[in-house]
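Have a look at the structure below before the remarks.
2 protein chains.
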Amino acid sequence: MISVEQHLDRVLAAVGPAAPRRTPLAGAHGCVLAEDVRAVVPVPPFDNSAMDGFAVRAADVRAATTGTPVRLAVVADLPAGSGERPEVRPGTAVRIMTGAPVPPGADAVVPVEDTDVPPGPHPLPATVEVRRAVPPGTHVRRAGDDVARGAVVLRAGTPLRARDLSTAASAGHGELLVHPPVRVGVLSTGSELVAPGTPLAHGQIPDSNAVLVAGMVHESGGVPVLLGSVDDDPDALRGLLAARLGEVDAVVTTGGVSAGAYDVVKEVLAPLGDVAFDKVAMQPGKPQGFGTLRDGGRPVPLFALPGNPVSVFVSFQVFVHPALTRMRALVAGGARPTVAAVAAQGWRCPAGRRQYIPVVVETSDAPDGSSGTVRVRPAAAGGSGSHLVASLALADALAVVGDDVEEVHEGDAVRVMMVP
Amino acid sequence: MISVEQHLDRVLAAVGPAAPRRTPLAGAHGCVLAEDVRAVVPVPPFDNSAMDGFAVRAADVRAATTGTPVRLAVVADLPAGSGERPEVRPGTAVRIMTGAPVPPGADAVVPVEDTDVPPGPHPLPATVEVRRAVPPGTHVRRAGDDVARGAVVLRAGTPLRARDLSTAASAGHGELLVHPPVRVGVLSTGSELVAPGTPLAHGQIPDSNAVLVAGMVHESGGVPVLLGSVDDDPDALRGLLAARLGEVDAVVTTGGVSAGAYDVVKEVLAPLGDVAFDKVAMQPGKPQGFGTLRDGGRPVPLFALPGNPVSVFVSFQVFVHPALTRMRALVAGGARPTVAAVAAQGWRCPAGRRQYIPVVVETSDAPDGSSGTVRVRPAAAGGSGSHLVASLALADALAVVGDDVEEVHEGDAVRVMMVP
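Following this line, the structure appears as structure tokens:
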């Protein structure tokens, strides 16, 4: 029997960040940046207008007021996107839209609201009456004011949010060097499994693990690749892995790792050498397999989880989630966080194994209104069996109880792992 | 000028939960359940073995110990998935795998470890030596022990996590009635826009808004549908909307809603009657359009946001996010949460408009180790301009400052909106 930490250490030693790849912005959301990103264009790229109005020479309208307006000849029109550079000479103005480049000669913009021209879509007027003075620079955004060319706008290690991608686009980038999404093959084993919703013959159960693992992969920031389900048939498993290993960066199997006469995962993978099957001192999740397959020269980590749903859930959160976090190159990544809690009722624990038990959280607010003690009770009234799928839906978290504890009593302090 | 609340109220009054649809489990992750889900099969569906071992009559092995083992004839083999029902008569046993149905006559399972048979894949032995007594019921999971047929396993209103889908599968469901994912059309307008990464001619800028809005839709639990970018050409905008409105449940446009001569969104949509353009008392985000288009009889809400990146970000978080939350049928949904904070430095605010300013959060831990005061300062050194894309990447949150405040001083209390 090995400890949870021994198994996790072995897993984490065998996985590393996915090799960086240039990825279009639209595909980089959620990925971790692999290099600092500098602005390859200044932002904004040229002096431009902050308002819809008229580009003028400030000196021309220095004396303008509502009572003593200044009339200028409108010599050109500059919608946004225009590449024209009409010159603004003394006594003239150019109609200009927000974002359009400020034309040569002009040094300020008069908003349309401070003129005799109505806002909105109208033909270009021959003249404009300016009713307010504008000091030089008014409503002009200078090239590079927001970001100078060459400035770092995003740091390596950042998991990219929508707004980071927006900043990268403005700074001139159409793609970024990121650690690409981790594709995780999801493979259920067991001759008893049928697709969810299928009528059950005697001895059959629905394959609830594929949808569970696929969903957890998604919740951990990976991309699930459904490889399907195989009977307890070594050739079928071997064939499926050979055919589809090239599509994925990691594989999670469920079932077939225990002491049975038909435990195909163990039977097929154990002889491949680099996959080890162990008993881990935890409940649920005692039988665990982990190792590295080879797709040509490319290493593909494989997690062989037990088959019971609660075992799958716990094993994934404790071992697969931290591995995916590392493969995604998240620097803050690792184990799911735990918080301090108090047992609202007692329950039994297995001697010599760390218990991960689905619990319901009852938070009692402190008298001052701040959040108070977190109290937890087992989600399943009946116990902590690894097959108790109802407890999965009911639970808010997993209580983690040390291997030296045989019984948790009401009022005892326990740690609680926050899980999606 | 209308208030933020007036605009948000109008938006929320016009949107409702997406019509429920039966959806395969694999596509229901993140969707909200539209009805209570009951078990249509008991869980487990039949009495089954919790161990790999031998199904026996407990009375036969009552006296078994390592020193005085009991030998039984092995009359059949029951791998998981077997539909066979071999009878266990006195003096006999059936080899059984975890999850296989307990055969008639047997009332307990002896783990393989408590026999003379080695674990793992071996031919069926003719006899087995049992070395430990097992009381009736040992290692037998009874049909319905976890969930009785007809019991509610999931409640309407639940946003479905991986483990909820697993529970639904085990309870006999292949699809669920859920509020389906909200598909949001993303449409940038502006003749100045070119695809991110494209070399810029004079007057052009990258379209950073499409990737920003698409990413925010994703972060708010929707599905972005990229409708592309159109020039400031009313016919192009009209044509694109007519061609693609059927693909989406809502539309977010950026740009073209202000006072310019080429503001096409306003020009095209305002005459359609049900789309209103207003000035909202906020900075950034003052010009806002919202209304409902019709795809045949189907209402499609349309958000016409301003074009500057910070305006787009703030408008989305303040108006579009709560609307998507309602369309997803999340009962706890609504506005992004805010927390109390203190200004680490002062900044200017616009009179008469509520300010949403990107800020960096500095959390100083209290002496007792608990998390202390949240301190914030503007992310952009230069100010709060709506075009300051660099501040989007730098910011941790948005400070929200009342319209009666003209200056925030160091040490002032401010509210901070948590945003992705």
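Chains Z and B supply the protein sequences, listed in that same order.
The opening position of the first sequence corresponds to residue 4 in my numbering, with each subsequent residue numbered one higher.
The opening position of the second sequence corresponds to residue 4 in my numbering, with each subsequent residue numbered one higher.
Every residue gets a Cβ at the ideal spot worked out from N, C-alpha and C, and that includes glycine.
Here the structure is a predicted model, which is why all the values come from computation and not from measurement.
Residue-chain proximity (residue i, chain Z), Cβ-Cβ < 8 Å
i, result
"E195/B", "yes"
"L168/B", "yes"
"V115/B", "yes"
"V392/B", "yes"
"L215/B", "yes"
"L275/B", "no"
"Q286/B", "no"
"E365/B", "no"
"T101/B", "yes"
"A445/B", "Outside the displayed range of chain B (4 to 423) lies residue 445/B, so it cannot be described from this structure."
Spatial distance of residue i from residue j (CA atoms)
i, j, result
"T257/B", "R380/B", "28 Å"
"L229/Z", "G175/Z", "37 Å"
"P287/Z", "V7/Z", "12 Å"
"H205/B", "P104/Z", "8 Å"
"H412/Z", "R356/Z", "18 Å"
"A198/Z", "V214/Z", "10 Å"
"A42/B", "E116/B", "35 Å"
"R13/Z", "G414/B", "49 Å"
"V254/B", "G349/B", "37 Å"
"L168/B", "E178/Z", "35 Å"
"N212/Z", "E195/B", "50 Å"
"L11/Z", "T295/B", "53 Å"
"A416/Z", "L157/B", "30 Å"
"I99/B", "A83/B", "8 Å"
"M219/Z", "S191/Z", "14 Å"
"T366/Z", "V73/B", "53 Å"
"F280/B", "A273/B", "7 Å"
"A400/B", "Q320/B", "11 Å"
"P47/Z", "P312/B", "12 Å"
"P184/B", "M330/B", "9 Å"
"D149/B", "P361/Z", "14 Å"
"Q165/Z", "I208/B", "The question names Gln, but residue 165/Z is Ala in the sequence shown. Cα to Cα, the separation comes out at about 18 Å."
"H125/B", "A217/B", "56 Å"
"G181/Z", "L327/Z", "According to the sequence as given, residue 181/Z is Val; it is not Gly. One C-alpha to the other measures close to 15 Å."
"S314/B", "L308/B", "8 Å"
"P162/B", "A61/Z", "58 Å"
"Q9/B", "S318/Z", "49 Å"
"R186/B", "T118/Z", "43 Å"
Distance between beta carbons of residue j and residue i, contact taken as under 8 Å
i, j, result
"V113/B", "G56/B", "5 Å"
"A146/B", "D50/B", "5 Å"
"V268/B", "L240/B", "7 Å"
"A66/Z", "R135/Z", "Going by Cβ atoms, the distance from A66/Z to R135/Z rounds to 11 Å, so no, they are not a contact pair."
Residues bridged to residue i (per DSSP)
i, result
"Q291/Z", "D281/Z"
"E178/B", "P27/B"
"Q348/Z", "In DSSP, Q348/Z forms no bridge with anything."
"N1/Z", "The first residue shown for chain Z is 4 and the last is 423, placing residue 1/Z beyond what the model contains."
"D298/Z", "R301/Z"
"R98/B", "F57/B and D80/B"
"S232/Z", "S191/Z"
"M421/Z", "A400/Z"
"L240/B", "Answer is none; L240/B lacks a bridge partner."
"Q286/Z", "Q358/Z"
"R380/Z", "V363/Z"
"P227/Z", "V187/Z"
"F306/B", "V255/B and F293/B"
"S52/Z", "V143/Z"
CB contact check: residue i to chain A, cutoff 8 Å
i, result
"T328/B", "Here chain A cannot be found, since the structure's protein chains are Z and B."
Chain B contact for residue i (CB, 8 Å cutoff)
i, result
"P183/Z", "no"
"F293/Z", "no"
"M219/Z", "yes"
"G200/Z", "yes"
"Q348/Z", "no"
"I5/Z", "no"
"F57/Z", "no"
"V451/Z", "Absent from the model: residue 451/Z. The displayed extent of chain Z is 4 to 423, so no value can be given."
"P47/Z", "yes"
"T26/Z", "no"
"E38/Z", "no"
"I208/Z", "yes"
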